[in-house]
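Worksheet for the structure shown next.
In our numbering, the protein residues as written are 14 to 204.
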């Protein structure tokens, strides 16, 4: 009989490690978002005091207010520039992590689809393997019946023709498909 072995343990282990990996990336993205938000709050606090107090709210006036603040407070301007650079770096890191996460999700979907296709193909192959084993069993029975006939006829055949009726029964084999659950093997069974 064709035997199957469960792959549940292996699949569970792979899924477990994959989920840990995905969770780790999601935590890293949340940490990056948190750091970016903190930097944005810090930047807003540094720029708010003198910009909002301007009386003119036109775009040109706001641009001039930012420039004036940068000239009057070079230390704050340098700090704001440093914060902007840090935010840009963290945004880039976040995009890379998001790309990793999206790539992993795409890979996961593709892998799940391949596993489904593989399981369907294995079911078809199992049907063929069972049929091969059934035919091999039938063939083995026919060979045994033929050997019984040969054993019965051989003495008379020797007397008439001075040679054996059928030879080669010691080396006759039939194919048999077996599986340990992962690898399928076709072996020859001697009849």
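We treat Cβ as the ideally placed atom computed from N, Cα and C, and that holds for glycine.
Where residue i falls: helix, strand or coil (DSSP)
i           : result
residue 188 : strand
residue 36  : helix
residue 60  : helix
residue 70  : coil
Residue i CB to nearest heavy atom of the ligand ATP below 7 Å
i           : result
residue 152 : Annotation note on the ligand ATP: not contained in the displayed structure, which lists no ligands.
CB contact flag (residue i, residue j, <8 Å)
i           : j           : result
residue 99  : residue 52  : yes
residue 110 : residue 41  : yes
residue 103 : residue 49  : yes
residue 167 : residue 178 : yes
residue 185 : residue 156 : yes
residue 189 : residue 200 : yes
residue 82  : residue 75  : no
residue 114 : residue 39  : yes
N-terminal and C-terminal residue of the alpha helix (DSSP H) that residue i is part of
i          : result
residue 93 : 87 to 174
Opening and closing residue of the beta strand (DSSP E) in which residue i lies
i           : result
residue 179 : Unbroken run through residue 179: none, as it is neither H nor E.
residue 200 : 197 to 203
Burial state of residue i (16 or more Cβ within 10 Å)
i           : result
residue 187 : buried
residue 131 : exposed
residue 142 : buried
residue 45  : buried
residue 149 : buried
CB contact check: residue i to chain B, cutoff 8 Å
i          : result
residue 42 : In the displayed structure, chain B is absent; only one protein chain is listed.
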